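Residue numbers (this note's numbering), protein chains in the order written: chain A, 376 to 766; chain B, 376 to 766. Quick reminder that beta carbons are idealized off the backbone N, C-alpha and C, glycines included. Since the structure is predicted, the reported quantities are computational estimates derived from the model, not experimental observations. Before any comments, here is the structure.
2 protein chains.
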Amino acid sequence: MRLPDAFYDRVQAELVASLAEQGLDGLLVTTPGDIAYLAGFFYAVTERPVYLWIGADGDRFCLMPRLDHEYASAQGIQAEIVTYFEYPGVVTPEASLAAELVRRGRASARIGFAPALSTGALTTLRGVLPGADWSSTSVVGRMRRTKHPEEIRFHRQAGVICDEMLAAGRTLIEDALKSGGPLPTEGGLARHVIGYGTEAMYTRFDHVIYTTKLAGGLVYTGPNSARPHGLPSSRRLAIGDTLILSLGAAVASRFVESERTFVIGEPTTEQESYFAVALRAQEIGVAGMTLGRTCAEVNAECLDVIRDAGMGGYIQHRQGHGIGIAQHEAPWIEDGDGSLLEADMVLSSEPGIYVPGHGGYRISDSVLTTIHGPERLTHYPRSLEQNVIPV
Amino acid sequence: MRLPDAFYDRVQAELVASLAEQGLDGLLVTTPGDIAYLAGFFYAVTERPVYLWIGADGDRFCLMPRLDHEYASAQGIQAEIVTYFEYPGVVTPEASLAAELVRRGRASARIGFAPALSTGALTTLRGVLPGADWSSTSVVGRMRRTKHPEEIRFHRQAGVICDEMLAAGRTLIEDALKSGGPLPTEGGLARHVIGYGTEAMYTRFDHVIYTTKLAGGLVYTGPNSARPHGLPSSRRLAIGDTLILSLGAAVASRFVESERTFVIGEPTTEQESYFAVALRAQEIGVAGMTLGRTCAEVNAECLDVIRDAGMGGYIQHRQGHGIGIAQHEAPWIEDGDGSLLEADMVLSSEPGIYVPGHGGYRISDSVLTTIHGPERLTHYPRSLEQNVIPV
Numbered sequence: 376m377r378l379p380d381a382f383y384d385r386v387q388a389e390l391v392a393s394l395a396e397q398g399l400d401g402l403l404v405t406t407p408g409d410i411a412y413l414a415g416f417f418y419a420v421t422e423r424p425v426y427l428w429i430g431a432d433g434d435r436f437c438l439m440p441r442l443d444h445e446y447a448s449a450q451g452i453q454a455e456i457v458t459y460f461e462y463p464g465v466v467t468p469e470a471s472l473a474a475e476l477v478r479r480g481r482a483s484a485r486i487g488f489a490p491a492l493s494t495g496a497l498t499t500l501r502g503v504l505p506g507a508d509w510s511s512t513s514v515v516g517r518m519r520r521t522k523h524p525e526e527i528r529f530h531r532q533a534g535v536i537c538d539e540m541l542a543a544g545r546t547l548i549e550d551a552l553k554s555g556g557p558l559p560t561e562g563g564l565a566r567h568v569i570g571y572g573t574e575a576m577y578t579r580f581d582h583v584i585y586t587t588k589l590a591g592g593l594v595y596t597g598p599n600s601a602r603p604h605g606l607p608s609s610r611r612l613a614i615g616d617t618l619i620l621s622l623g624a625a626v627a628s629r630f631v632e633s634e635r636t637f638v639i640g641e642p643t644t645e646q647e648s649y650f651a652v653a654l655r656a657q658e659i660g661v662a663g664m665t666l667g668r669t670c671a672e673v674n675a676e677c678l679d680v681i682r683d684a685g686m687g688g689y690i691q692h693r694q695g696h697g698i699g700i701a702q703h704e705a706p707w708i709e710d711g712d713g714s715l716l717e718a719d720m721v722l723s724s725e726p727g728i729y730v731p732g733h734g735g736y737r738i739s740d741s742v743l744t745t746i747h748g749p750e751r752l753t754h755y756p757r758s759l760e761q762n763v764i765p766v
Numbered sequence: 376m377r378l379p380d381a382f383y384d385r386v387q388a389e390l391v392a393s394l395a396e397q398g399l400d401g402l403l404v405t406t407p408g409d410i411a412y413l414a415g416f417f418y419a420v421t422e423r424p425v426y427l428w429i430g431a432d433g434d435r436f437c438l439m440p441r442l443d444h445e446y447a448s449a450q451g452i453q454a455e456i457v458t459y460f461e462y463p464g465v466v467t468p469e470a471s472l473a474a475e476l477v478r479r480g481r482a483s484a485r486i487g488f489a490p491a492l493s494t495g496a497l498t499t500l501r502g503v504l505p506g507a508d509w510s511s512t513s514v515v516g517r518m519r520r521t522k523h524p525e526e527i528r529f530h531r532q533a534g535v536i537c538d539e540m541l542a543a544g545r546t547l548i549e550d551a552l553k554s555g556g557p558l559p560t561e562g563g564l565a566r567h568v569i570g571y572g573t574e575a576m577y578t579r580f581d582h583v584i585y586t587t588k589l590a591g592g593l594v595y596t597g598p599n600s601a602r603p604h605g606l607p608s609s610r611r612l613a614i615g616d617t618l619i620l621s622l623g624a625a626v627a628s629r630f631v632e633s634e635r636t637f638v639i640g641e642p643t644t645e646q647e648s649y650f651a652v653a654l655r656a657q658e659i660g661v662a663g664m665t666l667g668r669t670c671a672e673v674n675a676e677c678l679d680v681i682r683d684a685g686m687g688g689y690i691q692h693r694q695g696h697g698i699g700i701a702q703h704e705a706p707w708i709e710d711g712d713g714s715l716l717e718a719d720m721v722l723s724s725e726p727g728i729y730v731p732g733h734g735g736y737r738i739s740d741s742v743l744t745t746i747h748g749p750e751r752l753t754h755y756p757r758s759l760e761q762n763v764i765p766v
């Protein structure tokens with residue numbers, strides 16, 4: 376589960392070139408996702424800050440708490456390791472960082488930072504490096520929008536596991552139905568599929584690494600499926616329910632999402648009609664993900680399928696979003712994002728129909744954009760016939 | 376799992392009084408923990424921002440994505456709900472916020488924000504509300520340092536579940552030993568205890584809510600236990616191992632942590648000596664948590680036990696930290712934190728000894744500070760005799 380050195384060499388070289396263009400002497404990288412992306416260090420995030428410096432001259436070091444030293448080293452971090460003892464520290468981590476930058480002749484450097492840096496941290500940094508010139512740059516965010524072949528390989532592997540997690544969820548329900556035992560609860564189903572995905576990671580990979588999680592699952596049953604954002608509950612699945620399994624998995628923190636809608640027992644006409652529109656919107660939404668179109672245009676075309684079916688009042692969210700080291704990242708397949716689709720983006724297509732008191736319908740695949748057109752990375756069957764669970 | 380309205384009335388009144396003192400017209404609350412604390416809204420965190428406004432005049436509203444509306448309402452959020460459709464939006468969430476503040480006569484308000492606000496968000500906010508005056512304030516962070524009786528009740532309930540999770544982990548190991556089957560892996564043990572804790576939450580409480588998680592577990596076996604911060608691995612527990620179970624649980628997002636060190640089979644003299652020092656440091660560390668002392672002083676006294684035993688080279692971190700809605704929050708029981716212990720803080724006492732290549736020893740309780748002295752909220756047995764798992 377490790378990206379090759381060649382990958383890190385390439386992204387660091389790309390960054391260094393961009394820093395020179397922007398007139399920056401270096402970038403101070405402060406978020407776990409960007410640090411994992413640029414230097415291959417994956418760590419447990421706490422209040423103890425980690426700062427990665429990448430100079431326009433190629434100089435690189437990573438300041439971290441001492442208790443991460445051995446672990447960073449074992450991961451083969453692509454930067455020199457410098458440590459501070461603890462947080463908050465008699466000498467603050469920021470003072471240690473400043474001392475290191477001064478030692479490297481960077482006391483009055485032009486330093487870039489990402490917009491995610493907190494106002495509190497920036498104030499502290501300005502205080503300890505008064506001669507430096509600070510400016511915000513979204514360069515790493517832009518770089519992360521398109522994926523390298525080594526990353527796409529991990530996205531594909533995550534897709535395989537995500538498909539298997541869906542199958543594991545279905546099997547749990549079928550087994551309960553066969554045995555005549557109680558059907559699983561939302562929480563029980565979620566834990567089962569997450570357990571399956573996590574176990575698969577540990578079985579298949581030697582050195583398991585992640586930034587936020589390995590596998591995740593949201594399970595919405597019956598009327599709860601009409602609330603796309605509630606926290607899971609102890610509600611037990613019932614015959615007649617619409618069920619949404621909304622699953623994610625990440626290999627080396629390269630995520631995919633896969634979501635399917637199931638019906639427990641013979642579907643009603645109402646269920647059939649909502650399902651058909653959700654499925655059609657998703658198909659149109661995926662097919663629309665071709666290079667050179669705007670995210671807004673793709674989104675509108677997808678959601679128009681729902682609006683044209685007279686179900687626009689049941690829309691609660693956009694078509695989708697980019698996926699990478701973070702489960703949600705730019706670009707956004709939404710009206711407000713005018714950026715163009717490029718090759719090698721990984722995007723979700725997940726239009727939803729949410730009927731209050733009745734249920735929700737959402738089918739999602741992770742889609743790779745290519746010069747040959749959109750390619751799905753998740754393949755679990757989508758049709759109603761295939762996703763009716765007979766009772 | 377819901378705090379009573381009286382709690383929210385009290386914290387909001389306290390905040391309003393503080394805003395007036397600071398000369399602020401209102402506070403823009405932007406982090407999930409602070410929003411949960413002040414208004415009782417617990418939600419799935421994504422890129423879609425949630426902004427809670429609390430005016431010095433008591434006016435309150437919470438701007439959120441439309442898909443959270445029903446869920447916030449069901450939770451009885453203590454603020455008027457205002458929604459925007461989606462992220463990033465043709466009209467940005469920040470523009471919607473600005474419009475709402477202007478509508479309420481706040482176009483040129485003096486607005487406080489927490490240091491955790493990102494530089495990117497602040498830049499956007501300054502752009503959409505050019506007449507406002509923005510200043511950083513740590514008022515909510517300060518308020519969260521001491522706990523209210525309604526919160527302490529939930530911390531205690533979390534302590535009970537955390538103790539049970541430790542017992543569930545031990546039972547899993549004992550059952551494997553009895554059956555002669557393979558011992559569990561780190562990942563397997565972690566999933567088992569987290570599953571136990573999560574299930575307990577759903578069984579005991581009607582409306583389960585959280586900000587980051589319900590139950591968490593880090594499991595370090597054998598030589599891995601000498602690395603206090605590595606991600607869990609597929610290593611299987613072995614006879615002779617030192618084992619650290621580092622568990623956490625949260626009821627209504629009020630966390631506790633409980634950590635125990637076990638030895639699988641008859642301990643060696645080496646294991647006995649490290650264990651004895653870790654236990655003594657933890658006892659001294661807890662006993663030292665009396666009102667009016669500084670965090671730095673308590674920390675030094677605790678870690679001196681390890682240093683005085685000649686094991687100072689095996690220290691990798693401070694004694695502990697505050698616990699609340701976040702698993703780690705101020706104050707910090709560390710040399711760099713000179714703040715005084717007050718009544719009704721919840722703190723971890725978790726000194727550790729990490730011997731490279733051999734193993735780690737860490738025992739942690741969550742401790743409530745009171746006028747009668749420190750009170751442990753976690754009670755699982757601590758002694759070596761009680762935590763040897765016979766083979």
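Using 8 Å for Cβ pairs, my map puts residue i next to residue j. What's the rounded Cβ distance?
{"i": "B/L647", "j": "B/E725", "result": "A small correction: the amino acid at residue 647 of chain B is Glu; Leu does not occupy that position in the sequence shown. Contact flag wrong, Cβ pair sits at about 20 Å."}
{"i": "B/P749", "j": "B/A662", "result": "7 Å"}
{"i": "A/A470", "j": "A/V503", "result": "5 Å"}
{"i": "B/A601", "j": "B/G734", "result": "6 Å"}
Got a sec, what are the start and stop residues for the beta strand (DSSP E) residue i sits in?
{"i": "B/F630", "result": "R629 to I639"}
{"i": "A/I619", "result": "T617 to V626"}
{"i": "A/F436", "result": "R435 to P440"}
{"i": "A/A454", "result": "From DSSP, A/A454 is part of no beta strand (DSSP E); its letter is neither H nor E."}
{"i": "A/R693", "result": "Neither: A/R693 is in no beta strand (DSSP E) and is coded neither H nor E."}
{"i": "B/A613", "result": "It is not in any beta strand (DSSP E) - B/A613 carries neither H nor E in the DSSP assignment."}
{"i": "A/Y426", "result": "Y426 to G430"}
{"i": "B/S724", "result": "V721 to S724"}
{"i": "B/P706", "result": "E704 to I708"}
{"i": "A/A590", "result": "A590 to T596"}
{"i": "B/Y585", "result": "Looking at the DSSP string, B/Y585 is not in any beta strand (DSSP E), and its letter there is neither H nor E."}
{"i": "B/Y736", "result": "G734 to R737"}
For the alpha helix (DSSP H) that residue i lies in, which residues bound it at each end?
{"i": "B/Y446", "result": "H444 to A449"}
{"i": "B/D508", "result": "It is not in any alpha helix (DSSP H) - B/D508 instead sits in the beta strand (DSSP E) that spans D508 to S511."}
{"i": "B/F529", "result": "P524 to S554"}
{"i": "B/Y577", "result": "E561 to R579"}
{"i": "A/R779", "result": "Outside the displayed span of chain A (376 to 766) sits residue 779 of chain A, for which this structure offers no information."}
{"i": "A/Y383", "result": "D380 to Q397"}
{"i": "B/G780", "result": "Only positions 376 to 766 of chain B appear in this structure, which leaves residue 780 of chain B out of reach."}
Would you say residue i faces chain D, with C-beta separation under 7 Å as the test?
{"i": "B/L552", "result": "No chain D is present in this structure, whose protein chains are A and B."}
- Task: Tell me, please, whether the region 591-603 of chain B touches the region 552-572 of chain B by the rule of three or more beta-carbon pairs shorter than 8 Å.
- Result: yes
- Give, in chain order, every residue of the region 423-435 of chain B whose Cβ lies closer than 8 Å to some Cβ of chain A. none
- Message: Tell me whether the region 404-413 of chain A and the region 613-621 of chain A touch, counting them as touching only if at least three CB pairs, one residue from each stretch, are closer than 8 Å.
- Response: no
- Message: Which residues of the region 591-616 of chain A have a Cβ closer than 9 Å to any Cβ of chain B? Give them in chain order.
- Response: L593, A601, R602, P603, H604, G605, L606, P607, S608 and S609
- May I ask you to list, following chain order, the residues of the region 681-696 of chain A that have a beta carbon less than 7 Å from some beta carbon of chain B? Answer in chain order: Q691, H692 and R693.
- Whole beta strand (DSSP E) runs in the region 473-504 of chain B with 3 or more residues, listed along the chain? 485-488
- Do the region 432-444 of chain B and the region 457-466 of chain B meet, that is, are 3 or more Cβ pairs less than 8 Å apart? Touching, yes, given that three or more Cβ pairs across the two stretches are closer than 8 Å.
- Message: Check whether the region 415-434 of chain A and the region 541-549 of chain A touch, using three or more Cβ-Cβ pairs below 8 Å as the test.
- Response: no
- Task: Report the residues of the region 505-519 of chain B with a CB closer than 8 Å to any CB of chain A, ordered along the chain.
- Result: S511
- Message: By the 9 Å beta-carbon criterion, what residues does the region 454-467 of chain A contribute toward chain B?
- Response: Within the region 454-467 of chain A, the qualifying residues are F460, E461, Y462, P463, G464, V465, V466 and T467.
- Message: Across the region 528-545 of chain A and the region 409-425 of chain A, are there enough close Cβ pairs to call them in contact, namely three or more that are closer than 8 Å?
- Response: no
- Message: Against chain A, which members of the region 437-451 of chain B pass a CB distance test of less than 7 Å?
- Response: R441, L442, D443, E445 and Y446
- Got a sec: which bits of the region 392-418 of chain B sit with their beta carbon under 8 Å from any beta carbon on chain A, in order along the chain? F417 and Y418
- the region 488-497 of chain B / the region 729-744 of chain A touching (three or more Cβ pairs under 8 Å): no
- Query: Quick check: the region 510-521 of chain B against the region 696-707 of chain B, are there 3 or more CB pairs under 8 Å?
  - Reply: yes
- Query: Along the region 483-497 of chain B, what residues have a CB closer than 9 Å to any CB found in chain A?
  - Reply: F488, A489, P490, A491, L492, S493, T494, G495, A496 and L497
- Message: Any C-beta of chain A within less than 8 Å: which residues of the region 628-646 of chain B qualify?
- Response: none
- Residues of the region 704-732 of chain A with Cβ closer than 7 Å to any Cβ of chain B, in chain order: W707, E709, D710, G711 and D712
- Query: What residues in the region 741-758 of chain B bring their beta carbon closer than 9 Å to a beta carbon of chain A?
  - Reply: none
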